[in-house]
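Undergrad: Could you have a look at this structure, given as structure tokens, before my questions?
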Amino acid sequence: MNYLDTLNPRQYEAVTAPDGATLVLAGPGSGKTRVLTQRIVYLIREKSVRPYEIMAVTFTNKAAREMQDRVEDLLELQLKGTMWLGTFHAICGRILRREAEYLPFDHNFVIMDSDDQQSLIKRVIRDLNLNDKTFRPGSVQGEISKAKNNLQFPADFVRSNYREETIFRIYEQYQLLLQKSNAVDFDDMLLYCWKLLHDNEDVRQKYGNRFRHVLVDEFQDTNTVQYELLKQFSSVNGNLFAVGDEDQSIYRWRGADYRNVLQFEKDFPDLQKILLEQNYRSTQNVLDAARAVIDHNQNRTPKKLFSDRGKGNKVIVYEAEDDRMEARYVVDTISQLIANGNAKGEDFAILYRTNAQSRLLEDAFLYRGMGYRLVGAQRFYGRREVKDMIAFLRVVYNPLDEVSLLRIINVPTRGIGEKAISNLRLSALESSRTIGEVLLDLGRYGPDSVFYPEMGRAALPLADFGARVVAWREQWERDDQITDLMDTIIRDTGYEPFIREEDDAEIDRWENVEELKRMAFEYQERGLAEFLQNLALVSDQDTISETTNVPTLMTLHAVKGLEFNNIFIVGLDDGILPHARSLDDPEEMAEERRLFYVGITRARNNLTLVRAVRRMTYGSPEINIPSRFLSYLPNELVISTAASFSGLSGERMSYIPASRWESRPQWADSIRQAFPAYKATTAAAAKAIVERKFEAQDVVEHPMWGEGTVMESVIEDGEEVVQVRFKNGATKRLIVSLSKIRKSQAKS
DNA sequence: GCGTTACATATTTTT
DNA sequence: TATGTAACGC
């Protein structure tokens, strides 16, 4: 069977679109990823485009990896390193390192994450003697970021009042500090890359010629720099293929502008526009609910999503007395559905607006003794002990990195306080060096260092620490084994007892350090440089442990691109969803609706919306009114149950027609009420999508990779996906329907 | 310079 | 709540 035969007419049109600009507006569940991957395969197979002539940009590393796997699978070809496939940041990082000669930093620059950025900005604000109440680091960071996303270097920064003038000064200083540290922040990676292509005709020609085809996923979430970059990349051949959905644009606050979709049409008059409206994921009821929500937004291309999966179950709306009961309701319902054999743990996702909401859910899972998987939240890389260890490594790698150095110079405390640091900075300034260089000098020459007398009381601890760093650098240069280096650092600094003391019942901080060591171990052959470079671009999404058959907890943002049989969305209260900060701005409200829309459309079969009358907010109880979004849902799509009427005053009810709420004395009762409907179709409907052909331990045969063993088999996007470990040691994720694997021997 | 404590303060989403 | 900072005493 030809790989193109499985496409519907619209999808086919998109995959085989002629050269030029193409915009595929793809509703949720309409096979967007499939179109993108098959387009790549089509270009390589039928159009004789070579893999290295293709650039494909995704939003996350995970999406990039999946796309690579799928394309390799279809082509039966290893693409590693040939096709330019990755996030904007990864691709730009690669270009910047190659073209560093044109740039104000060298090829081994480090990448500052938002925490690093924040502390740099804080320092600048302090150095400039500004009030950090009027110039809050967070908002300054936002404004600098916004400028960078709009292609403004400090020189281009518009300053028409005092505040802007001051922000400009901070921006300028901040940029200088980054440069001194041989560092760039996230936004810089895109901005410098754009500037490089924009100003340097040779470079633009080089990349423009190379990329015969440029493809982008999640186009609605591109911001100005990203869009301009795409134009640069495709400027020679003009083949830009964008896939997106305005209704799923949820990163406005990061500068994303779904109106790039409109701009795209303006910039490329010959643009071919293709609408994908058939949904292969959800039941019609789910789609109708989604539509009822999104239709409240203006300025969009209207889409009529349709599904041939039947009406399915109604949306369940449940109202709990308080937030603890809300969590219990969700967890108990899931636990019952699993116990009755109607669903498996991995069929569920619980979504919320803010990470803080995960806490009570976690408690409830713990209370029930059930496992769960938490995505995001306190990011692994954001944890103090992890950041500390990374900072040590960064200082060893690049002593010019001031942010990292200042982070760990007194961790664990070693007698280097405020005074010592200001002495250090003073000496650095006078000798026009960085504090890292001064520290290394102190370390190398001890009391003989020219800086030694200037250091006052803290001279000895400074020289000691400097000597440590020198020794670590020598060890690293001798033998680039990251884990050994980490062990030395931990031993020399006494980091283990120090951080163990901080352990509490909740977090085992030392365990996190060990986890980082395990990750470093994987870079043992590639070395410290690559480890640090990749670390910055890896998000937590990328480190999600693979399916362990438990429910998943995550934010509405994090769930984009995923799907589950059963979706719970909690916190449907005004002030939470929509978020309080969005209530007075129509644009923000539209984004909240899109966020809700994204959540709803993740559901294949069942959607449950939950709210709580009372909720603890910053430690004190607050009464909430139901989310106005609930009132968008037409009566006939909804079954609703409330734990009690106690909290519902007439005013609150005004958002939801009274007829829609049924009184239930006990919440347990309401589960029973909802349950039969659930039970009737979940199992059957799930089966209708796809049936698993493989299970773990099956032995399989692949024409290219040979014999392997199935590690696991899961359903994703209505497709069976198996993870196979092949005899040659490689582990691959394969889509059963697309890949030529055969079962050679069932699980014994 | 360090550690404790009291107090304030702000609480979205993250490549 | 939980996190950061300013102030104080050692």
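The first sequence stops at residue 1112 when you use my numbering, and every number in between is there. Built from N, CA and C at the ideal position, the CB exists for glycine as well.
Could you name the residues that DSSP lists as bridge partners for ARG979?
TA: Taking the first sequence and counting its residues from 1, one reaches residue 979 at position 615. DSSP output for ARG979 lists GLU986 as bridge partner(s).
Undergrad: Does the segment 663 to 679 come close enough to the segment 690 to 705 that 3 or more CB-CB pairs lie under 8 Å?
TA: Because the criterion of three Cβ pairs below 8 Å is not met, the segment 690 to 705 and the segment 663 to 679 do not touch.
Undergrad: Given a threshold of 16 other Cβ atoms within 10 Å of its Cβ, counted over all protein chains shown, does GLY1072 qualify as buried or as exposed?
TA: Reading the first sequence from its first residue, position 708 is the one you call residue 1072. It is buried - the Cβ of GLY1072 has at least 16 other Cβ atoms within 10 Å.
Undergrad: Out of curiosity, what's the CA-to-CA distance linking ASP437 and SER483?
TA: The residue you call residue 437 lines up with position 73 of the first sequence. The residue you call residue 483 lines up with position 119 of the first sequence. Straight-line Cα distance between these residues: approximately 44 Å.
Undergrad: Just mark TRP617 as buried or exposed, buried being the case when its beta carbon has 16 or more other beta carbons within 10 Å.
TA: By one-based count along the first sequence, residue 617 stands at place 253. Classification for TRP617: exposed.
Undergrad: Measure from the alpha carbon of LYS1096 to the alpha carbon of each residue in GLN1109, SER1108, GLU1076 and ARG821, then state which is nearest.
TA: Sequence index remark: in the first sequence, residue 1096 carries index 732 (1-based). Minimum Cα distance to LYS1096 is reached at GLU1076.
Undergrad: If you follow the alpha helix (DSSP H) that ILE485 is in, where does it begin and where does it stop?
TA: As a first step, residue 485 is located in the first sequence; it is residue number 121 there, counting from the start. Its alpha helix (DSSP H) spans residues 478 to 491.
Undergrad: Can you tell me where the beta strand (DSSP E) holding ILE638 begins and where it ends?
TA: Along the first sequence, read from residue 1 onward, the residue named residue 638 stands at position 274. First-last of the beta strand (DSSP E) with ILE638: 636 to 640.
Undergrad: Take HIS562 as the anchor and find which of ASN525, LYS544 and VAL600 has the nearest alpha-carbon.
TA: On the first sequence, position 198 is the one that residue 562 refers to. Out of ASN525, LYS544 and VAL600, VAL600 has the C-alpha closest to the C-alpha of HIS562.
Undergrad: In three-state terms, what does DSSP make of MET419?
TA: Translated into the one-based positions of the first sequence, residue 419 becomes position 55. DSSP places MET419 in strand when its eight states are reduced to three.
Undergrad: Please report the straight-line C-alpha distance between GLU536 and PHE521, rounded to a whole angstrom.
TA: Counting from 1 along the first sequence, the entry for residue 536 is found at position 172. Counting from 1 along the first sequence, the entry for residue 521 is found at position 157. Each residue's Cα considered, the two are about 10 Å apart.
Undergrad: How about GLN888 and ILE846: are their beta carbons less than 9 Å apart?
TA: For the purposes of this step, residue 888 is taken as residue 524 along the first sequence, with counting starting at 1. For the purposes of this step, residue 846 is taken as residue 482 along the first sequence, with counting starting at 1. In this structure, ILE846 lies closer than 9 Å to GLN888 by Cβ.
Undergrad: Would you decide whether ALA427 is buried or exposed? Buried here means 16 or more other CB atoms lie within 10 Å of its CB.
TA: Counting from one through the first sequence, the residue named residue 427 turns up at place 63. Buried is the call here.
Undergrad: Reducing DSSP to helix, strand and coil, say where ALA728 ends up.
TA: Locating residue 728 in the first sequence gives position 364, where the first residue counts as 1. Three-state result, ALA728: helix.
Undergrad: Within the same chain, show all residues whose beta-carbon is closer than 6 Å to that of ILE916, passing over the 5 residues directly before and after it, in chain order.
TA: Residue 916 sits at position 552 when you count from the first residue of the first sequence. For clarity, residue 916 is Thr in the given sequence; the question names Ile instead. Excluding sequence neighbours, THR916 sits near ALA713 and ARG737.
Undergrad: Beta-carbon within less than 6 Å of GLU1015's beta-carbon, same chain only, minus the 5 sequence neighbours each way: which residues are those?
TA: Translated into positions along the first sequence, residue 1015 becomes position 651. In this prediction, GLU1015 scores a pLDDT of 30, lower than 50, which makes its location untrustworthy; the coordinate-derived value is nonetheless stated afterwards. Cβ neighbours of GLU1015 beyond the five flanking positions: none.
Undergrad: Thinking just about the alpha-carbon of each residue, which of VAL977, MET553, THR965 and LEU826 is nearest to the one in ASN643?
TA: For the purposes of this step, residue 643 is taken as the residue at position 279 of the first sequence. Among VAL977, MET553, THR965 and LEU826, the Cα nearest to that of ASN643 belongs to THR965.
Undergrad: Using 8 Å for Cβ pairs, my map puts GLN375 next to ARG398. What's the rounded Cβ distance?
TA: In the first sequence, the residue the question calls residue 375 occupies position 11. In the first sequence, the residue the question calls residue 398 occupies position 34. Indeed they touch by this definition, with Cβ atoms about 7 Å apart.
Undergrad: For GLY450, which residues of its own chain have a beta-carbon under 6 Å away from its beta-carbon, when the five flanking residues on both sides are left out?
TA: Within the first sequence, the letter at position 86 stands for residue 450. Only ALA428 meet the Cβ criterion.
Undergrad: On the DSSP letters alone, give me the boundaries of the alpha helix (DSSP H) that ALA1110 sits inside.
TA: Working through the first sequence from its first residue, we reach residue 1110 at position 746. Neither: ALA1110 is in no alpha helix (DSSP H) and is coded neither H nor E.
Undergrad: Please determine, among PRO501, ASP433 and GLY457, the residue with the shortest C-alpha to C-alpha distance to LEU899.
TA: In the first sequence, counting from the first residue as 1, residue 899 sits at position 535. Checked all of PRO501, ASP433 and GLY457; the closest Cα to LEU899 is GLY457.
Undergrad: Please state the DSSP three-state secondary structure of MET918.
TA: Start at 1 with the first residue of the first sequence, and residue 918 comes out as number 554. In the structure shown, MET918 sits in a strand (DSSP, three-state: E or B).
Undergrad: Distance, Cα to Cα, LYS805 vs ALA822?
TA: Taking the first residue of the first sequence as 1, we reach residue 805 at position 441. Taking the first residue of the first sequence as 1, we reach residue 822 at position 458. According to the sequence displayed, residue 805 carries Asp and not Lys. Rounded to the nearest angstrom, the two C-alpha atoms are 15 Å apart.
Undergrad: For GLN897, which option in ALA454, VAL1088 and ASP433 has the closest C-alpha, if you only look at C-alpha atoms?
TA: Here residue 897 corresponds to residue number 533 of the first sequence, with the count starting at 1. Out of ALA454, VAL1088 and ASP433, ALA454 has the C-alpha closest to the C-alpha of GLN897.
Undergrad: Could you tell me which of PHE928, THR588, LYS544 and LEU901 sits nearest to VAL914, measuring between CA atoms?
TA: As a working mapping, residue 914 is identified with position 550 in the first sequence. Nearest of PHE928, THR588, LYS544 and LEU901 to VAL914, Cα basis: PHE928.
Undergrad: Which value, in whole angstroms, describes the spacing of the CA atoms of GLY502 and ASP480?
TA: On the first sequence, residue 502 is found 138 positions in, with the first residue counted as 1. On the first sequence, residue 480 is found 116 positions in, with the first residue counted as 1. Between GLY502 and ASP480, the C-alpha separation is close to 12 Å.
Undergrad: Looking at LEU560 and the ligand ATP, is the gap between the Cβ and the nearest heavy atom below 8 Å?
TA: This structure lacks the ligand ATP, and indeed carries no ligand of any kind.
Undergrad: What does the Cβ neighbour count give for GLY830, buried or exposed, with the cut at 16 atoms within 10 Å?
TA: Taking the first residue of the first sequence as 1, we reach residue 830 at position 466. Looking at its Cβ environment, which holds 16 or more other Cβ atoms inside 10 Å, GLY830 is buried.
Undergrad: Report yes if the CB atom of GLY963 is closer than 9 Å to the CB atom of SER671, and no otherwise.
TA: Here the question's residue 963 lines up with position 599 in the first sequence. Here the question's residue 671 lines up with position 307 in the first sequence. No, the Cβ-Cβ distance between GLY963 and SER671 is not below 9 Å.
Undergrad: Hey, would you say LEU973 sits closer than 9 Å to ILE614, going by beta carbons?
TA: Counted from its first residue, the first sequence places residue 973 at position 609. Counted from its first residue, the first sequence places residue 614 at position 250. Their beta carbons are not under 9 Å apart, which means LEU973 does not touch ILE614 by this criterion.
Undergrad: Along the chain, where does the beta strand (DSSP E) containing PHE932 start, and where does it finish?
TA: For the purposes of this step, residue 932 is taken as the residue at position 568 of the first sequence. Here the beta strand (DSSP E) through PHE932 covers 928 to 933.
Undergrad: Can you give me the C-alpha to C-alpha distance between ALA1060 and VAL1088, rounded to a whole angstrom?
TA: One-based indexing of the first sequence puts residue 1060 at position 696. One-based indexing of the first sequence puts residue 1088 at position 724. Their backbone Cα atoms lie some 9 Å apart in a straight line.
Undergrad: Tell me the residue span of the alpha helix (DSSP H) that contains TYR745.
TA: In the first sequence, counting from the first residue as 1, residue 745 sits at position 381. Run containing TYR745: none; DSSP gives neither H nor E here.
Undergrad: Between HIS577, GLN505, ASP549 and ASN513, which lies nearest to LEU400 when the distance is taken from Cα to Cα?
TA: The residue you call residue 400 lines up with position 36 of the first sequence. When only C-alpha atoms are compared, the closest one is HIS577.
Undergrad: Judging by CA-CA distance, which residue of LEU594, ASP491, MET753 and ARG778 is the nearest neighbour of CYS557?
TA: Counted from its first residue, the first sequence places residue 557 at position 193. Nearest C-alpha to CYS557: LEU594.
Undergrad: Short check: CB of LEU389 to CB of LEU635, under 9 Å?
TA: One-based indexing of the first sequence puts residue 389 at position 25. One-based indexing of the first sequence puts residue 635 at position 271. No, the pair does not count as a contact, with Cβ atoms beyond the cut-off.
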